[in-house]
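A short write-up of the structure that comes next.
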Amino acid sequence: MLICVVFALVASACGSDGEDAAEDVAVATTAAPAAAEAPAADETPAAAAGDSSDPIKMPIHNWSSQIAGVYAVGAILEAVGASVEYISADSSAVYTAMCEGDMDVVHEVWEGAFGVPFQEQVDAGCV
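Be aware that the sequence shown starts at 47, since it is given in our numbering, and climbs by one per residue.
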């Protein structure tokens, strides 16, 4: 549910990029607060989703607007109690990484550059 909220809040598409980062390396992880008891029935879905200790994995690419965006989306997720793991990732392989469960949220799709691999994973039901 939380991922759907993020996709609804943050969606962008624009031109193409330059060179891509080549390695997948974990950069930072934030810890979610521990949940002592089940969420109250009147809590919002976003607040209840924040109880998960599994981090939401988000890619960091090598261009400034994406880097700023990923940290902004991460801050929103952290504000509702989620933990976030930022991973340096090759922008052309990130949709395959989503299909394989290695990435959870990709907040920016440059259709001019990555429209084909993105659509392939949408058609496969992975994105």
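Each residue gets a CB set at the ideal place from its N, CA and C atoms; glycine is no exception. All values reported here derive from a predicted model rather than from experimental measurement.
Under the three-pair Cβ rule at 8 Å, the region 157-173 does not count as touching the region 109-123. For Asp-150, the number of other beta carbons within 10 angstroms of its own is at least 16, and it is reported as buried. For Glu-166, the closest C-alpha among the options Tyr-141, Ser-110 and Asp-136 is that of Tyr-141. The Cβ atoms of Pro-105 and Ala-128 lie no closer than 9 Å to each other. About 6 Å separates the CB atoms of Met-144 and Val-152; that is less than 8 Å, so the two are in contact.
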